[in-house]
Every structure is written in structure tokens, then in C-alpha cells.
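Q: Below you'll find the structure I mean.
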Amino acid sequence: MSGKMRLAIRNLLAVLVMGAVGAPAADQQPAPLSEAGQKLVEKYSAQLKALQAEIAKSVPAVDGRKKEAFFEARKAEKAAEAAFNAAQQQLGKVGAAQALVAHAKGKWIGGAEKGIAAAQEALKKARTEAEREAAQKDLANWQQNKEDGLKALKEREEALAAAKREESRWLRERDAAEKALAEAKARVMKAVENLGQTAFLSSDKLDSRLVKFEVLYEATPQGLAGFAQQGAEQAALVEQLLADDELMKRMALADGAAGGNYGRAMEIYTAIQKASPQAKEGVLERLALAVALEHAVPIRQSNPAEQANAPATVDPIKRYLAYEKAYTDGELDPAFKTLSVWELRFVVDGDEPDEVAAWGREMLRNYRPDIILDPDMAWRYVNAVRTDVRYGSQNVKFDRPSLQNYQNIIMNGGVCGRRAFFGRFILRSFGIPTTARPQKGHGALIHWTPAGWVPCLGGGWGSGWTKTRYNGDLDFLAATQVRAAGEAALLQVKRAQWIGDVTGEKRVFGFSCGEPGLWYGVSLYRQKALIEAAKTKSLAAVGSHLGEANESDETRATAVVKATVTDADKKAVVGVNGVITIPAAACGGVQPMKSFLGGLQAFCGGGFNCQVDVSTAGKYRLTARVVTVRDGGKTQVTVNNAKDAVELAIPYTCGKWEQTEPVEVTLVQGRNTLAFSKAASGFTLKDITLTPVK
Numbered sequence: 006m007s008g009k010m011r012l013a014i015r016n017l018l019a020v021l022v023m024g025a026v027g028a029p030a031a032d033q034q035p036a037p038l039s040e041a042g043q044k045l046v047e048k049y050s051a052q053l054k055a056l057q058a059e060i061a062k063s064v065p066a067v068d069g070r071k072k073e074a075f076f077e078a079r080k081a082e083k084a085a086e087a088a089f090n091a092a093q094q095q096l097g098k099v100g101a102a103q104a105l106v107a108h109a110k111g112k113w114i115g116g117a118e119k120g121i122a123a124a125q126e127a128l129k130k131a132r133t134e135a136e137r138e139a140a141q142k143d144l145a146n147w148q149q150n151k152e153d154g155l156k157a158l159k160e161r162e163e164a165l166a167a168a169k170r171e172e173s174r175w176l177r178e179r180d181a182a183e184k185a186l187a188e189a190k191a192r193v194m195k196a197v198e199n200l201g202q203t204a205f206l207s208s209d210k211l212d213s214r215l216v217k218f219e220v221l222y223e224a225t226p227q228g229l230a231g232f233a234q235q236g237a238e239q240a241a242l243v244e245q246l247l248a249d250d251e252l253m254k255r256m257a258l259a260d261g262a263a264g265g266n267y268g269r270a271m272e273i274y275t276a277i278q279k280a281s282p283q284a285k286e287g288v289l290e291r292l293a294l295a296v297a298l299e300h301a302v303p304i305r306q307s308n309p310a311e312q313a314n315a316p317a318t319v320d321p322i323k324r325y326l327a328y329e330k331a332y333t334d335g336e337l338d339p340a341f342k343t344l345s346v347w348e349l350r351f352v353v354d355g356d357e358p359d360e361v362a363a364w365g366r367e368m369l370r371n372y373r374p375d376i377i378l379d380p381d382m383a384w385r386y387v388n389a390v391r392t393d394v395r396y397g398s399q400n401v402k403f404d405r406p407s408l409q410n411y412q413n414i415i416m417n418g419g420v421c422g423r424r425a426f427f428g429r430f431i432l433r434s435f436g437i438p439t440t441a442r443p444q445k446g447h448g449a450l451i452h453w454t455p456a457g458w459v460p461c462l463g464g465g466w467g468s469g470w471t472k473t474r475y476n477g478d479l480d481f482l483a484a485t486q487v488r489a490a491g492e493a494a495l496l497q498v499k500r501a502q503w504i505g506d507v508t509g510e511k512r513v514f515g516f517s518c519g520e521p522g523l524w525y526g527v528s529l530y531r532q533k534a535l536i537e538a539a540k541t542k543s544l545a546a547v548g549s550h551l552g553e554a555n556e557s558d559e560t561r562a563t564a565v566v567k568a569t570v571t572d573a574d575k576k577a578v579v580g581v582n583g584v585i586t587i588p589a590a591a592c593g594g595v596q597p598m599k600s601f602l603g604g605l606q607a608f609c610g611g612g613f614n615c616q617v618d619v620s621t622a623g624k625y626r627l628t629a630r631v632v633t634v635r636d637g638g639k640t641q642v643t644v645n646n647a648k649d650a651v652e653l654a655i656p657y658t659c660g661k662w663e664q665t666e667p668v669e670v671t672l673v674q675g676r677n678t679l680a681f682s683k684a685a686s687g688f689t690l691k692d693i694t695l696t697p698v699k
């Protein structure tokens, strides 16, 4: 038999061995295997089978009748849930009918009446036959529209009356279904308790074998061998991992290596710890592990369009080092140091280049420091969407190829998706975990706070889904809540899942992911019981009304955290050369806030003015130190209510401090009033400088 034939047969046998264990969740393309690699497959397959057999012998037997009772209770719960949803849907007909009546009265008929009034006014003002004909045609259309609305209103009021007649019955049916559902839920929880596995799931006796099984199962023997066959260093990394029970356990608790690529994760983790001595303990060690797990599958990098030669994927070592530097420089949120490995994965998974994340921090520190200082953690950082990412797609066509996507978004705005993208970006930039939470026809986000995860810019919990293994947002929420209950609680859930893998069950990490088998079912209901015991509260959504709308100009321009202004803050400074510096806090009509440069700065969302005393009359060059995130346009500067104004251009600074180009103004001796008109876009002001023209 030829060598090639022997290799082909070994490959087939390896596949059959892996199939006997059960299909792992790894999402990877196995590398072609050499002879040495195939021997490693056989080695890892043997370890996997041996562990499976050992664990299976140690798992307590489940009474057949109790197991059947659990599945029957689960089936009854699903039926009760369907009945409740149907009853709720029936009751919803009343609200739907009320909404249709309100629409007919308001938008339809009310809109038609406004159209009629406008057409009648146009008819009065018509001066030509063509204008009269157009107005009469418009009037006739609006009158017909009103007739149609009145007809629809009558039909809708009849439908509402019919629904109201059924409302009391539907309420009774809904209440009965709700009661039946509560009873069904209680029965299934009792059935899980009767399985008698709580003590077993609370024990760590099998942990070392379970976590090693998980690594081999998720990585697959072929996947591990494909990595290990690359060389002695890679093979040693796999052996090092498989010998380290604690590290494997921490990886498994953090939901494992992306794509099941544990070899690559170990390679990244080791490289990070070689690159930085600080990556071996505390939050920075957790950060290193989070990067290693999350970047085990490369993450595509989003580069400016004109940077054709930029890296296609994020460099995990540089990603770690960038966050390490930001942390040690004090640029990240104070809560960053408390985050777990699992939470940190939702910080380091961004597609932005590291320098763009650094830009995001610098931009917000310069432009809107009040948002960084917001004590409301639900809105801290992400408030920048509310204040500065305008809703609408009309300006997206002005995106610049020289700018990265997130820089373009804050400059030109966008609809729900772009707004949520920017919200997640700015949260990650400051070290706050976040992930996408789309819902039907809308993009939103969820993010971590010390009090729990919160939905933002969309509906509340239950409105959407995630792109995680948990799928539904309620299942993702449950995963966060059981983690918040402590590692002992989390381990009970994980052990049940791991045993489900040993017994070959389909992986079901949430009720939205499909129908669970015995052990995955136990994991979900045990998780539910632990969350209830911890009395965990779910946070209400914030910014639901802003998912597809703008705040008012006034609200956007108002400081989130207002600064107290003293007389000293307002005092102008005169240099030895006669140069006068007027602090932003001396201006009226602005929003003063603390500045990371020291002292105060101000956001200028409208017109403003300031007064300055000069000892020498004459011409002065006026400049302003400003920050903008979009084209600022121009402001007209009027001195002492003069008839003519001078035009001061507000430059696009891309979030950095810059001086405007100087303009010349004439001041009188004594007090002068400088008035600045509203610019096209708001900007941040640090100070105004007046330099004598000699």
C-alpha cells in the first residue's frame, strides 16, 4: 500500500473517530495534514475519547421517569407560552384598532384639512389662470382625500367598537393564559430540581477533565493537529495548554477561543506576555487572554478607503499594547480594571484600527469632555450619538476617503445602523464592553454598566437579537446576569453545558437557539433559578426614541455636565505684547464645561457674545482656538453693534484643537462687545485671542 493511500485511510479514520464523539461547534477550515499531523490527530482523538468515557462514567445517572417528566413539563411550558402569546395578540387588536382610528383622525383627516386650507389660500392668491387651475386641482385632491379619510374613519371606528365588545373576554383569556403559563414555568423548574443534579453541578471534581474535553472538542483533534504540525514551537504550545487545567478552565468560562482555534489563541496569549511584562497579572493579564480568545479568528480591519495598503486584519499584539497604553495613561473608563475576561472580549473586538480608537478618545476629550464626565453610565460616551451623530442619510455621500468610517459617521451622520456603529465604537474606545443588538428594521446596541447591561438607541430587552452564541437578546442578558451572580453560579451552568457536549447534545445556549436536550435544558433552567435567587434586575432601555430621530438643537447643544463658572474663569489675560486672551467661560450664550487642558472650555451651539476692555484703540487680529467634528462653516463677528460684520471661518479639525485663520477687527478704547452669529455646526471653544496689528 502506498504512503498516500495510508494517509488517506488515516484521515478517514480520524473523521470517524471525531464523529463518534459528536460534531464540535468549531467554525474553522482544517489545515491539510502531514504524516506527523495525522499522528497528532490520532493522539488527540484518543485523548478526547478517553476523556469522554471517563466523564460519562462519573456523571450521576438520571432517573428515566424524572427525565421524562422534565421533557413533558418543558413541552407543557412551550404550549402555555404559545397560548399566552396568542391571547396577548388577540388583546392587541384593541390597541391596533385605537391606533388606526387615531391615524385616520390625525394624520389622514387632519393632514387633508391642512392641505385644503393651503390650497384655498393658494386659490385666493392665484394671479393667473394656470395658478388657479393648479390650486383648484390641489383643492379637489385634498377634498377627496378627506372624504376617503372620513370613510376609513367610519370603518375603523366600527372595527374598534367590535374589538371593545370583545375586550373583556380577551382580557379574561389573557389573564387565564398568563396564570397557566406561570404554573407551567413553576412545574418545569420543579422538574429540573427533581432531577437531583444541583449538588453534582456545584462540585469541581470533574472540572479538570471537563475543561480539557471542551478544548479538544471545540478545537477538534484535526484542528489542533493542523496547528501543532507547523513546528516544534506550536506543538509545545498545544501541550502546554492541555497541561494547564486552570488556563483551560478560564478559557472555557470565557466562552472559548473564537472558531475553536485554541492553538492560535495560545500563540497570541504567549506572544503578548513576551511583548509586555505587565500582561501577566491583574486586568492586563485578563486583557491579554481576552484578546487571544477573541482574535483567534482574525478580525477584519476597517481602514480609510484611500489606504489601499493598510493591514486587512487587526494585529492582536498591537491591539493589546494599544489598550495597555491607554489604560496605563489613564485614558480608559475607571471601571475598566474591574472587567472579566468575557467582558473584555466585547471591548477588544472592534474593526477600527488602534489609532482610530485613540483618535476617538482624544476627539471626545477635546470636543465634548462633559460626555466623558457624565455620571450616568447608561449614557456616558454613547451620548455622543445623541449630541453629534445626526439622523439621516442625506450627507453620507460626503464621506471622505481619507477618513476612517467612524470619523465619517460623526461628520456626516446616518440612520440607525451607522449611529449604533459609532455608539459601539466610542464605548469600546474608552474600554466599555458593547455588542450589536439589531431588531426588526432597526440597528441598536447594548452595553455594560456596573449595574448590568443596558439597551441603547432601540427597544427594551426582548426586542431584538445578538450576533453571539446566545442569539436572542434575552438569552444574552441571562448570560450576563448569571456571570454577575458570581463564578460559583456560572460554573453550575457551564458544567451542565459541558456534560451536554460529552453526551453529544446539540449546543443550545439560550431558549432562542432551539430546543435543548437534557443537560443543556438543565443549564438553562439552572441559570434561570440562579438569576432569580440573586434577585437581579434588568435595566430599561435608554434612547429608544432616538433610534430614528434627532434631539432638538437646543438639547444637543446643552452640556451634559455643566461647570460652575467663577469670576477668575472669566478673566481675560493681557500679555506684555498687548495680546489679549479671552477665555471661553467669559462668553454669554455658550455651554461651559471642564476642560482636559485645564480650566474651562465651552460648546457653542448658537450665537454668543463676549465683552473685552482694551487700553489701546485700533486694529486687532482675532483668532479662536476651536475643535470641530464636521465642517463648522462660518460665524459673522460684529463689533459694538456695527453695521458690517467680518466673517470668521470655523475649520474642520477632526476632533483636534486648532486656531482659526485670523480676521481683522477694529476696537475702541475701553469696553467692546463682540457678537458671534450661529455657525452651521456647533463647535467647541477654548479661548479667543486679540493680537494688536502693528
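Taking our numbering, the leading residue of the sequence shown gets 6, the next gets one more, and so forth.
For glycine and all other residues, C-beta sits at the position ideal for the given N, C-alpha and C.
So residue 358 and residue 409 are in contact, right, with Cβ under 8 Å, and what is the actual spacing, rounded?
A: Between residue 409 and residue 358 the Cβ distance is about 7 Å, and since that is below 8 Å, they are a contact.
Q: Taking DSSP as the reference, what is the three-state secondary structure of residue 629?
A: Residue 629 falls in the strand class under three-state DSSP.
Q: Suppose contacts are defined by Cβ-Cβ distances below 8 Å. Is residue 284 in contact with residue 455 by that definition?
A: Their beta carbons are not under 8 Å apart, which means residue 284 does not touch residue 455 by this criterion.
Q: Quick check on this structure: which residue in 525, 516 and 518 has the alpha carbon closest to the alpha carbon of residue 508?
A: Of 525, 516 and 518, the residue nearest in Cα terms is 525.
Q: Hey, how far is the Cα of residue 462 from the Cα of residue 545?
A: Straight-line Cα distance between these residues: approximately 12 Å.
Q: Under three-state DSSP, which class holds residue 108?
A: Of the three classes helix, strand and coil, the one that applies to residue 108 here is helix, per DSSP.
Q: Under three-state DSSP, which class holds residue 666?
A: Residue 666 falls in the coil class under three-state DSSP.
Q: Contact between the region 96–114 and the region 69–87 is defined here as three or more beta-carbon pairs at a separation below 8 Å; is this criterion met?
A: Result no; under three Cβ-Cβ pairs closer than 8 Å.
Q: Residue ranges of each beta strand (DSSP E) run of no fewer than 3 residues wholly in the region 582–620, ordered along the chain?
A: List check, beta strand (DSSP E) in window: 585–588, 596–599, 605–609 and 613–619.
Q: Quick check on this structure: which residue in 391, 430, 352 and 686 has the alpha carbon closest to the alpha carbon of residue 438?
A: Looking at the Cα atoms, 352 is the closest of the given residues.
Q: Compute the Euclidean distance between the alpha carbons of residue 396 and residue 493, then round it to the nearest angstrom.
A: So the alpha carbons of these two residues sit roughly 44 Å apart.
Q: Measuring straight from C-alpha to C-alpha, what distance separates residue 487 and residue 258?
A: Each residue's Cα considered, the two are about 12 Å apart.
Q: Counting beta carbon pairs with one atom in the region 235–242 and one in the region 55–69, are three or more of them shorter than 8 Å?
A: Because the criterion of three Cβ pairs below 8 Å is not met, the region 55–69 and the region 235–242 do not touch.
Q: With residue 640 and residue 627 assumed to form a contact (beta carbons below 8 Å), what rounded beta-carbon distance in angstroms separates them?
A: Contact doesn't hold; Cβ gap of about 11 Å is too wide.
Q: Count the CB pairs spanning the region 420–433 and the region 664–671 that are closer than 8 Å, and state whether there are at least three.
A: With the cut-off at 8 Å, the region 420–433 and the region 664–671 do not touch.
Q: To the nearest whole angstrom, what separates the beta carbons of residue 215 and residue 60, a pair I think is in contact under 8 Å?
A: At roughly 6 Å, the Cβ-Cβ gap stays under 8 Å, so residue 215 and residue 60 are in contact.
Q: Reducing DSSP to helix, strand and coil, say where residue 90 ends up.
A: Note: residue 90 maps to helix in three-state DSSP.
Q: Take residue 702 as the anchor and find which of 584, 415, 629 and 349 has the nearest alpha-carbon.
A: Because the chain in this structure spans residues 6 to 699, residue 702 falls outside the shown range and cannot be described.
Q: Under the three-state reduction of DSSP, which class applies to residue 654: helix, strand or coil?
A: Correct three-state label for residue 654: strand.
Q: According to DSSP, simplified to helix, strand and coil, what is residue 347?
A: Three-state DSSP puts residue 347 in a helix.
Q: Could you have a look at residue 544 and say whether DSSP puts it in helix, strand or coil?
A: DSSP places residue 544 in coil when its eight states are reduced to three.
Q: Check whether the Cβ atoms of residue 39 and residue 227 sit closer than 8 Å, and answer yes or no.
A: The answer is no: Cβ separation not under 8 Å.
Q: Would you call the CB atoms of residue 374 and residue 686 closer than 8 Å?
A: Against a cut-off of 8 Å, the Cβ pair of residue 686 and residue 374 comes out as no contact.
Q: Using the three-state DSSP reduction, which class does residue 288 fall into: helix, strand or coil?
A: Residue 288 falls in the helix class under three-state DSSP.
Q: If you compare alpha carbons, which of 674, 613, 603 and 588 is closest to residue 625?
A: The option with the nearest alpha carbon to residue 625 is 674.
Q: To the nearest angstrom, how far is the alpha carbon of residue 604 from that of residue 598?
A: Approximately 9 Å between the Cα atoms of the pair.
Q: Mind checking residue 707: buried by the 16 CB within 10 Å criterion, or exposed?
A: Since the first residue of the chain shown is 6 and the last is 699, residue 707 is not available in this structure.
Q: Counting C-beta neighbours from all protein chains within 10 Å, is the total for residue 321 16 or more, i.e. buried, or is it exposed?
A: Buried.
Q: Find the nearest neighbour of residue 700 within the set 609, 338, 635 and 658, judged by alpha-carbon distance.
A: Any question about residue 700 goes unanswered here, given that the chain covers just 6 to 699.
Q: Sort 302, 497 and 697 by Cα distance to residue 620 and report the nearest one.
A: Comparing Cα positions, the closest option is 697.
Q: Alpha carbon to alpha carbon, what distance is there between residue 164 and residue 548?
A: Going from the Cα of residue 548 to the Cα of residue 164 covers about 34 Å.
Q: Tell me whether the beta-carbon of residue 536 lies closer than 8 Å to the beta-carbon of residue 589.
A: Contact flag unset, no.
Q: Count the other CB atoms, across all protein chains shown, that sit within 10 Å of the CB of residue 317; report buried if there are 16 or more and exposed otherwise.
A: Exposed, by the Cβ-count rule.
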